[in-house]
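Q:
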Amino acid sequence: MIKDLEKYIQYAYKKGFIDIMLNNNGSALPKKKSQQILDSGLTRIRFSLDAFNADTYSKVRVGSIQFDRVKRNILDFLELREKGGYKLPVVGVSFCKMSHNEHELDEFIDYWKDKVDIISIQKFMPPTDNKKKYAKYYSTDQYSEIPIDSFNCPQPYQRIVFRNEFMYPCCVSFNKDLSLGSIHKMTIYDAWHSDEMNNLREIHKNGDYSSNETCKKCVNLIYPEAN
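Numbering (the working numbering), first residue to last: 7 to 233.
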């Protein structure tokens, strides 16, 4: 979508950002673009795959290009990094565990563990807070994984998320009550250091997520039995 993405990364790198991460599905990554990203100053890149074979990939990542091409793009990126002697970016692949793909998890790990630096296994999170609508997508063991009382969310320590002009402390779709304000009325710095952001950090530092209704709803969606 951003044809000159590497220029945005270079801008952040030259401004002194020490950690610049990119989530990518690997579909629009020919060798030329891979080389540009390797030279940009990026420190971390994670490829969202969520499958080990083409049939499962077509069900989980609907509308993407062919699985074999995505896989080839990632392997080419890794080869360019090795041949160029790049220490960065750290490369990872991610797998969102769902009912459609949970049978492939072991094969996924076995294949990628010697090729990438990090393998991220994620729990399914519905795109809305309608748990019943998306119940069929939960993995079978997700229903039995009840979080401990001191569940901590790292997102308020990691990011500011933009949705149109408004800033939020996390990426869930139903977090309107957690709005930090408009970019037209406050800076990103002010949002990051705001009382709202610090209070949310304190809640999760103390494992008291349930005291915030939006956070409580989010955790109950990740762990369907945690009600």
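Cβ coordinates follow ideal geometry from the N, Cα and C atoms, glycine included.
Could you tell me if Gly32 is buried or exposed, where buried requires 16 or more neighbouring beta carbons within 10 angstroms of its beta carbon?
A: The residue is buried, with at least 16 neighbouring Cβ atoms inside 10 Å.
Q: From the DSSP output, which residues share a beta bridge with Cys102?
A: In the DSSP output, where bridge partners are listed per residue, Cys102 has Gln128.
Q: Using C-beta distances below 7 angstroms, list every residue in its chain close to Lys129, excluding the 5 sequence neighbours before and after it, in chain order.
A: For Lys129, where only same-chain residues beyond five positions count, the Cβ hits under 7 angstroms are Lys103, Gln148, Ile228.
Q: For Leu71 and Asp201, what's the separation of their Cα atoms in angstroms?
A: Residue identity differs from the one stated: residue 71 is Ile in this sequence, not Leu. Their backbone Cα atoms lie some 44 angstroms apart in a straight line.
Q: Looking at C-beta atoms only, is the number of pairs between the stretch 119-127 and the stretch 90-106 that lie closer than 8 angstroms three or more?
A: In short, these stretches touch, since the Cβ pair count reaches three.
Q: Going by other Cβ atoms of all chains shown within 10 Å of its Cβ, with 16 needed for buried, is Leu48 buried or exposed?
A: By the 10 Å Cβ count, Leu48 comes out buried.
Q: Quick one, which of Cys159, Phe180, Ser145, Leu111 has its alpha-carbon nearest Pro230's?
A: Answer by Cα proximity: Ser145.
Q: Kindly indicate the opening and closing residues of the beta strand (DSSP E) around Ile228.
A: Ile228 -> not in any beta strand (DSSP E); alpha helix (DSSP H) instead, spanning 219-228.
Q: For Val68, is the classification buried or exposed, using 16 other Cβ atoms within 10 angstroms of its Cβ as the cut-off for buried?
A: The residue is exposed, with fewer than 16 neighbouring Cβ atoms inside 10 Å.
Q: So does the stretch 19-29 actually touch the stretch 74-87, counting three or more Cβ pairs closer than 8 angstroms?
A: Output reads no: the stretch 74-87 does not touch the stretch 19-29.
Q: Tell me which residue opens and which closes the alpha helix (DSSP H) that Phe248 is part of.
A: Summary: the structure shown does not reach residue 248, with the chain confined to residues 7 through 233, and so no result is reported for it.
Q: If you measure between the beta carbons of Phe73 and Glu113, is that distance less than 7 angstroms?
A: No, the Cβ-Cβ distance between Phe73 and Glu113 is not below 7 angstroms.
Q: In whole angstroms, what is the alpha-carbon distance linking Ala34 and Phe53?
A: Distance between the alpha carbons of Ala34 and Phe53 is about 12 angstroms.
Q: Any contact between the stretch 155-163 and the stretch 205-212? By contact I mean 3 or more CB pairs, one from each, below 8 angstroms.
A: Taking 8 angstroms as the limit for Cβ pairs, the verdict is that the stretch 205-212 does touch the stretch 155-163.
Q: Using the beta-carbon count (16 or more within 10 Å), is Cys224 buried or exposed?
A: Answer is buried; the Cβ neighbour count reaches 16.
Q: If you run the structure through DSSP and keep just helix, strand and coil, what is Asp10?
A: Coil.
Q: Determine the extent of the beta strand (DSSP E) in which Leu28 is found, giving its start and end residues.
A: Unbroken beta strand (DSSP E) run through Leu28: 27-30.
Q: How is the beta strand (DSSP E) around Met2 delimited, first residue to last?
A: The structure shown does not extend to residue 2, since the chain spans only 7 to 233, so no value can be given for it.
Q: Based on the DSSP secondary-structure assignment, which residues constitute the bridge partners of Phe114?
A: According to DSSP, Phe114 bridges with nothing at all.
Q: What are the boundary residues of the alpha helix (DSSP H) that Val167 is part of?
A: No alpha helix (DSSP H) contains Val167, which is instead part of the beta strand (DSSP E) from 167-169.
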